[in-house]
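Letter 419 of the sequence shown, counting from 1, is numbered 450 in the numbering used here, and no numbers are missing. Note that the Cβ used here is the ideal one computed from N, Cα and C, for glycine as well. Remember, it's a predicted structure, so these values are computed and weren't measured experimentally.
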Amino acid sequence: MLVKVRSVAYVGLVPVPVEVEVDVAAQGFPGMTVVGLAGKAVEEARERVKTAINNSGMDFPPKKITVNLAPADLPKDGGAYDLPIAVGILMASGQIQISNDKFTNGIYYGELSLDGSLRATKGVLLVGLYAKQKSPVPNHKPQIYVPIESANEAAVVEGINVFPVRNLKELADHLNEVKLIEPLNHLDVEEMVEGSPVDFDLAEVAGQEQAKRALTIAAAGGHNLLMWGPPGTGKTMLARAMPGILPPLSPAEALEVTRIYSVAGLLETGESLMRRRPFRSPHHGISAAGMVGGGTNPLPGEVSLAHLGVLFLDEMAEFPRSVLEGLRQPMEDGRVGIVRAAAHVEYPASFSLVAAVNPCPCGYLGHPHKECKCTEKQIRKYRARMSGPILDRIDLHVNVPMVEIEKLQITNDKSQNASSKEIRDKVVAVRKMQEKRFLEEGIFTNSQMRNKQVKKFGQLDAETGRLLRLAVEKFDLSARAYFRLIKVARTIADLAGEENIRTRHMAEALQYKQIT
């Protein structure tokens, strides 16, 4: 008997339908064959499925079983096909009997344990999104059957029935209408992303007013930021405070970030949504594939895991040159393309880069009290690790010096230090201004402006234009730097609540441009 069971694969973040065809032949040598460009994990499903069916109190038919995963030209890997294969075998052997409507409208997805229980499986959110978009039965809610530990991921998708399955026996009883599984209630995304807590409050950072100002500008306009300074001046703490001053994720943004984490298998067990903007801080020993993504079956890298959040590179000069150069395309395009022989996938990578670096190898160049022991050659070699094109793509460069001892005194008076909540309120107001400005442009922040949009929304008066031209000529700045200065000045003007860019806004933007 031949049966067909619906399942889902994904290429990058795009869900693709997979039809699991199971044929249990009346004649032939007993055994199970899996075809359809199956990876190693899928081929091993033969033993998992057989043992899981037997340990669930059902019978694995001692016949010739052929499993085809269609389409045959799509590579398939992972344990998510265990459940549809098992359901197909039980259907073909008559141990599960369901109506055509239920069968046609159901999608099965999940990895089996040997005892028949289902394990948490990555990518469940994409299954839910696919089911909503591609329901084959009109006027019927799509039904998906997924592991109970991952079911909350799909519960955020409205308009589908999500059935959390504990084990194979429970699913068989449900499909045979012996004991039904209750579908999960829909989870409201908007309620879940509200009120994300702040891990690091800027009010706790002593001094460093210029760095805080640069951090505010970076958050308001979505700009990249580089902090220079000796060890122990608060660069890392400032970077970790960045997510706390960014606007909360919108429901659409939360789903977009969650899709990436679902595919990467990084959502915590039972979690349904990424509730706050991501903050990624990879170690400087990371590989190029780990940073931008890759692998035989390409997975998202750190630049994609930081999408709509912050990518923090501590000790940026210690990262391999190849890793830093790999950041060029994502920083410009907000996306990263990964090409492999079997697939070409794209992942979103629109992040704010925050980097920290010492002024020299020992870290004490320009320190008021400690002597730098580095030679001129060592300093040049150290700084050359960060190429000109990478530094040119960073809008804001700020020095983070040692803090005077008077400002480090522990007191309960924080009245002079603005809290992260106060700064976030300003940032949210500025982001709303930008959303309104770019309503018909397809972008959301000043940093995303293309050159034609800079000319449209970043017009300069004669005096401001003259100041910018003088700076470009004197310091031999690139065309990219020219346009990025206008973007930063636009954000500074927005923070000041002014419609036009003034000379003082451009002058402040020039202060944050590294001239070396």
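Legend entry - Bridge partner(s) assigned by DSSP for residue 124: Numbered from 1 along the sequence shown, position 93 holds the residue referred to as residue 124. For residue 124, which the question treats as bridged, DSSP gives no partner whatsoever.
Legend entry - Pairwise C-alpha distance: residue 255 and residue 355: Walking along the sequence shown from the start, residue 355 turns up at place 324. Walking along the sequence shown from the start, residue 255 turns up at place 224. Approximately 14 Å between the Cα atoms of the pair.
Legend entry - Meets three-Cβ-pair contact criterion under 8 Å: the stretch 37-46 and the stretch 90-97: Not touching, per the Cβ criterion.
Inset, instruction - For residue 103, count neighbouring Cβ atoms within 10 angstroms of its own Cβ and tell me buried if that reaches 16, exposed if not. - result: Taking the sequence shown and counting its residues from 1, the one referred to as residue 103 is at position 72. With fewer than 16 other CB atoms across the displayed protein chains lying within 10 angstroms of its CB, residue 103 is exposed.
Inset, instruction - Measure the alpha-carbon distance for residue 231 versus residue 359 and round it to whole angstroms. - result: Sequence index remark: in the sequence shown, residue 231 carries index 200 (1-based). Sequence index remark: in the sequence shown, residue 359 carries index 328 (1-based). Residue 231 and residue 359: Cα-Cα distance of roughly 29 Å.
Legend entry - Residues bridged to residue 255 (per DSSP): Taking the sequence shown and counting its residues from 1, one reaches residue 255 at position 224. Bridge partners of residue 255: none, in fact.
Inset, instruction - Apply the 10 Å Cβ neighbour rule to residue 477 and answer buried if 16 or more other Cβ atoms are within range, or exposed otherwise. - result: Stepping through the sequence shown from its first residue, residue 477 is reached at position 446. Flag for residue 477 reads buried.
Legend entry - Inter-residue CB distance, residue 72 and residue 110 (contact presumed, cutoff 8 Å): Taking the sequence shown and counting its residues from 1, one reaches residue 72 at position 41. Taking the sequence shown and counting its residues from 1, one reaches residue 110 at position 79. Taking the Cβ atoms as the reference, residue 72 lies roughly 6 Å from residue 110, within the contact range of under 8 Å.
Inset, instruction - Go ahead and pull the three-state DSSP assignment for residue 428. - result: Position 397 of the sequence shown, counted from the first residue, corresponds to residue 428. DSSP places residue 428 in strand when its eight states are reduced to three.
Inset, instruction - Can you give me the Cβ contacts of residue 384 inside the same chain, cut-off strictly under 6 Å, excluding the 5 residues immediately before and after it? - result: Against the sequence shown, residue 384 aligns to sequence position 353. The residues are 255 and 342.
Legend entry - Length of the line joining the Cα atoms of residue 49 and residue 101: Taking the sequence shown and counting its residues from 1, the one referred to as residue 49 is at position 18. Taking the sequence shown and counting its residues from 1, the one referred to as residue 101 is at position 70. Cα to Cα, residue 49 sits roughly 6 Å from residue 101.
Legend entry - Candidates 345, 291, 294 and 155, of which the one nearest residue 316 by Cα: Reading the sequence shown from its first residue, position 285 is the one you call residue 316. Nearest Cα to residue 316 within the set 345, 291, 294 and 155: 345.
Inset, instruction - From the DSSP output, read off the bridge partner residues of residue 207. - result: As a working note, residue 207 is residue 176 in the sequence shown. Residue pairing for residue 207: DSSP places it in no beta bridge.
Inset, instruction - Have a look at 245, 219, 403 and 287 and flag the residue whose alpha-carbon is nearest the alpha-carbon of residue 45. - result: For this step, residue 45 is matched to residue 14 along the sequence shown. By alpha-carbon distance to residue 45, the top candidate from 245, 219, 403 and 287 is 287.
Legend entry - 7 Å Cβ cutoff, residue 46 in contact with chain B: In the structure shown, chain B does not exist; there is a single protein chain.
Inset, instruction - State the DSSP-derived secondary structure class of residue 279, mapped to helix, strand or coil. - result: As a first step, residue 279 must be located in the sequence shown, where it is residue number 248. Residue state for residue 279 is assigned as coil, using DSSP reduced to three classes.
Inset, instruction - Find out if the Cβ-Cβ distance for the pair residue 174, residue 192 is shorter than 7 Å. - result: Position 143 of the sequence shown holds residue 174. Position 161 of the sequence shown holds residue 192. Between residue 174 and residue 192, the CB-CB gap stays under 7 Å.
Inset, instruction - Express the C-alpha separation of residue 352 and residue 420 in angstroms, rounding to a whole number. - result: To locate residue 420, count along the sequence shown from 1; it is residue 389. To locate residue 352, count along the sequence shown from 1; it is residue 321. A direct Cα-Cα distance of roughly 12 Å separates residue 420 from residue 352.
Inset, instruction - Using 10 angstroms around the beta-carbon of residue 492, count the other beta-carbons present and answer buried if the total reaches 16, otherwise exposed. - result: Numbered from 1 along the sequence shown, position 461 holds the residue referred to as residue 492. Residue environment for residue 492: exposed (fewer than 16 other C-beta atoms within 10 angstroms of its C-beta).
Legend entry - Range of the contiguous alpha helix (DSSP H) that encloses residue 300: What you label residue 300 is simply residue 269 of the sequence shown in a count that begins at 1. Taken as a continuous stretch (DSSP letters only), residue 300 belongs to no alpha helix (DSSP H), as it is neither H nor E.
Inset, instruction - Count the other C-beta atoms from every protein chain shown that fall within 10 angstroms of the C-beta of residue 309, then say buried if there are 16 or more, exposed otherwise. - result: Within the sequence shown, numbered from 1, the residue matching residue 309 stands at position 278. Counting Cβ neighbours within 10 Å, residue 309 comes out buried, since at least 16 surround it.
Legend entry - Exposure of residue 348, with buried meaning 16 or more beta-carbon neighbours within 10 Å: Position 317 of the sequence shown, counting from 1, holds the residue named residue 348. So residue 348 ends up on the buried side.
Inset, instruction - In the DSSP assignment, find the unbroken alpha helix (DSSP H) run with residue 61 in it and report its ends. - result: Working through the sequence shown from its first residue, we reach residue 61 at position 30. No alpha helix (DSSP H) contains residue 61, which DSSP labels as neither H nor E.
Inset, instruction - Just the C-alpha distance for residue 200 and residue 207, rounded to the nearest angstrom, thanks. - result: Taking the first residue of the sequence shown as position 1, residue 200 is located at position 169. Taking the first residue of the sequence shown as position 1, residue 207 is located at position 176. Taking the straight line joining both Cα atoms gives about 11 Å.
Inset, instruction - Identify every run of the beta strand (DSSP E) within the stretch 338-374, keeping only runs that are complete inside it and at least 3 residues long; order them along the chain. - result: Secondary structure in the stretch 338-374: the beta strand (DSSP E) runs of 3 residues or longer, each lying completely within the stretch, are 341-345 and 366-370 in chain order.
Legend entry - the stretch 313-327 / the stretch 182-196 touching (three or more Cβ pairs under 8 Å): No contact exists between the stretch 313-327 and the stretch 182-196.
Legend entry - Contact set for residue 267: own chain, Cβ-Cβ below 7 Å, skip 5 residues either direction: Counting from 1 along the sequence shown, the entry for residue 267 is found at position 236. So the qualifying residues of the chain are 345 and 387.
Inset, instruction - Note down, in chain order, each residue of its chain lying with its Cβ closer than 8 Å to the Cβ of residue 547, except the 5 sequence neighbours on either side. - result: For the purposes of this step, residue 547 is identified with residue 516 of the sequence shown, where counting begins at 1. Because the pLDDT of residue 547 is 48, which lies under 50, any placement of that residue in the model is unreliable, and the number read from its coordinates should be weighed accordingly. Hits under 8 Å: 414.
Inset, instruction - Could you please give me the residues that DSSP links to residue 387 through a beta bridge? - result: Against the sequence shown, residue 387 aligns to sequence position 356. Residue 387 pairs with 258 and 345.
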